[in-house]
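Enquirer: The sequence shown begins at 1 in our numbering and counts up by one. C-beta: ideal position from N, C-alpha, C; glycine also. All values reported here derive from a predicted model rather than from experimental measurement. I'd like to ask you about the structure that follows.
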Amino acid sequence: MSKQTYVITDAQLQQQLSNCDKISAYWHAQNITPTAYVETYGCQQNEADSEKLRGYLAMSGYRIVQEAEGADVVVMNTCAIREHAEQRVFGNLGALTHTKRRHSRQKIFLCGCMAGETRVSDRIKKSYPYVDGVFSTHHLWQFPEILWKVLSNQKRQFYIEDEAGSIAEGIPQLRDSTLKAWVSIMYGCNNFCTYCIVPYVRGRERSRRKDDILAECRDVIAGGAKDITLLGQNVNSYGKDLEEGVDFADLLAEIAQLPGEFLIRFMTSHPRDASEKLFETMAKYPKIAKQLHLPFQSGSSRVLKAMNRHYDRETYLKKVNYAKALMPDLVLTSDVIVGFPGETEEEFEETISLIQQVHYDSLFTFIFSPRAGTPAATMDDPTPREEKSRRFDRLCAVQNEISVGIHEGYVGKCLRCLVDGRDRDLLTARTEGGRLVRFAGCDDLIGTYQDITITGATTWSLTGELKETND
Ligand code: SAH
Ligand code: SF4
Ligand code: F3S
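In structure tokens form, the structure reads like this:
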């Protein structure tokens, strides 16, 4: 393990688990089964963190419930990526004053990426006195200690000291699904894209040991997982901080060789570090889904430089073309930012031409949102908001047409899909590339792979029928 990465020791973790026991005994003595609600904002990394928060809560005797009203603990696991995300959290936090008034025993916590911003924790300290605890992502492993302190001495707790970040193995997890599993392979980010807050709130890149990741994968597969998503802000730099001599492609290959019926996906891949070896490994192993989320952010090399992305339009296109040549059925998705400071109309058109050239299955589109503390927040930004909205709408219209076209191309094909649930009178399933398919069938198909013939398509999803000869 790297010299810089601080690994939480077994003894430190045991101490947290003994806090869980104390909390459990505290409620038991009062003959109460307490309840807890965890609300998650933001990306899959936060979803994975919430499974740990629920794991700790369950171990402390809490029953997990689906709403804040009447819950003894409410945890808001927040996202700081855009201003809108933060506004939503403050709005919902405001509403909790009323639920707390109706249930005075309620303890309210705010954690996640927003909790890593001093601006936010200061505001909570001053203006939200009913929030009992704030802890940044670096302190998530100490949640039982924080909760116990709040319960036992009734004082507000702030665990917000900035750190490079650590790795904690062995935190209990209460997973949302047995069929699909998130597995974090690394934490933090070193890239400092000029618009992005993540490196400031999640600390430096640090990789989990390969054996710990493999053990977790074996565990979830044994528990019935058929779809595993490996998580990291930039999975392609996995292993750089380890002394094990293993890179992301090596890790993928090892997981792909584990026994069992499952598919592996991953996010997110940074184009700078996406290697030919990675694409070759994806192509080689049937258990690696032929799906790639490769955010390009902008089609203009000048803007990419200003974003500090370390690749240009040409290198990006070269990589995508290589991946497509190796995997003709590859499902490609991406993130794109419209209206980065100084983006000209011509540069925006380069983004349009890039998406027309690549033909993504779908895109996650964002209007640039200045984040205090990042370099882009102080860059000259003369483009008016209305103009950015116009560009955004045009981008979405172009992409929607492409998505419909690609989806229509599926009609008549028979695809192996994992049936994952029900949406009103239809079952839902996912293709290997992650596309949503709705079809008629009975609930006992949930959790199985089925061959489905695609009969219809919209911008966002497909409809289909079970193949008749299915066995
Ligand atoms: N680590 C991932 C991205 C995580 S954030 C990567 O590098 O690909 C998810 C997406 O949010 C980014 O890809 C970007 O498109 C968008 N985003 C990040 N900061 C933003 C900001 N300040 N304004 C608008 N969009 C932003
Ligand atoms: Fe943010 Fe860039 Fe890191 Fe992604 S790679 S999390 S966009 S700084
Ligand atoms: Fe948001 Fe933090 Fe994820 S800022 S997008 S929850 S890493």
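(1) Give me the residue from E432, G94 and G188 with the minimum Cα distance to K240.
(2) Helix, strand or coil: how does DSSP classify C43 here?
(3) Under 8 Å between the Cβ atoms of V411 and A440?
(4) Starting from I8, trace the alpha helix (DSSP H) both ways and give me its first and last residue.
(5) Using a Cβ-Cβ cutoff of less than 6 Å, which residues in the same chain neighbour E472 once the five nearest sequence positions on both sides are dropped?
(6) Suppose you measure from the CA of D10 to the CA of R208; what does that come to, to the nearest Å?
(7) Counting along the chain, where does the alpha helix (DSSP H) carrying R422 start and finish?
(8) What are the start and end residues of each continuous beta strand (DSSP E) run of 3 or more residues lying completely inside the segment 105-174, in chain order?
(9) Using DSSP with H/G/I as helix, E/B as strand and the rest coil, what is K290?
(10) Decide yes or no for the touch test of the segment 84-93 against the segment 13-26: beta carbon pairs closer than 8 Å, at least 3 of them.
(11) How would you label S152, buried or exposed, when you count the other beta carbons within 10 angstroms and need 16 or more for buried?
(12) Residues in its own chain within less than 7 Å of N19 by CB, not counting five upstream and five downstream?
(13) Can you tell which of A181, T281, I32 and M186 has its C-alpha closest to the C-alpha of G203?
(14) Of the choices H139, P382, D273 and L230, whose alpha-carbon is the least far from that of S184?
(15) Determine the burial state of D471: buried for a count of at least 16 other Cβ atoms within 10 Å of its Cβ, exposed for fewer.
(16) Flag this pair as touching only if the segment 211-229 and the segment 259-268 have three or more C-beta atom pairs under 8 Å; answer yes or no.
(17) Taking a contact to mean a Cβ-Cβ separation below 8 Å, would you say F340 touches A376 in this structure?
(18) Tell me whether H270, by its Cβ, gets closer than 7 Å to a heavy atom of the ligand SF4.
(19) With the cut-off set at 8 Å, would you say F368 and V338 are in Cβ contact?
(20) Might you give, ordered along the chain, the residues of its own chain that have their beta carbon closer than 8 Å to the beta carbon of K3, omitting 5 neighbours on each side?
(21) Kindly indicate the opening and closing residues of the beta strand (DSSP E) around L263.
(22) Taking T455 and T448 to be in contact with their CB atoms under 8 Å, please state how far apart those CB atoms are, rounded to whole angstroms.
(23) Thinking C-beta only, is D49 closer than 8 Å to N77?
(24) Which full runs of the alpha helix (DSSP H) of 4+ residues lie inside the segment 323-409, going along the chain?
(25) Any heavy atom of the ligand ADP inside 7 Å of the beta-carbon of V336?
(26) Please report how far the alpha carbon of I402 lies from the alpha carbon of A225, in whole angstroms.
(27) Measuring alpha carbon to alpha carbon, tell me which residue in C113, I124 and P129 is nearest H139.
(28) Quick one: what does DSSP say I197 is sitting in, helix, strand or coil?
Expert: Here's the rundown:
(1) G188
(2) coil
(3) no
(4) Where I8 is concerned, there is no enclosing alpha helix (DSSP H), given that its DSSP letter is neither H nor E.
(5) Look at the range of the chain in this structure, 1 to 471, and you will see that residue 472 is not part of it.
(6) 15 Å
(7) Taken as a continuous stretch (DSSP letters only), R422 belongs to no alpha helix (DSSP H), being part of the beta strand (DSSP E) at C414 to D423.
(8) 107-112, 133-135 and 157-159
(9) coil
(10) no
(11) exposed
(12) P144, E145 and W148
(13) M186
(14) L230
(15) Its pLDDT being 47, under 50, D471 is placed unreliably in this model, and the value from its coordinates should be taken loosely. D471 comes out exposed.
(16) yes
(17) yes
(18) yes
(19) yes
(20) Its pLDDT being 46, under 50, K3 is placed unreliably by the model, and the measurement read from it follows with that caveat. Excluding residues within five positions, none has a Cβ falling inside 8 Å.
(21) L263 to M267
(22) At roughly 20 Å, the Cβ-Cβ gap does not stay under 8 Å, so T455 and T448 are not in contact.
(23) yes
(24) 345-358
(25) This structure does not include the ligand ADP; its bound ligands are the ligand SAH, the ligand SF4 and the ligand F3S.
(26) 32 Å
(27) C113
(28) coil
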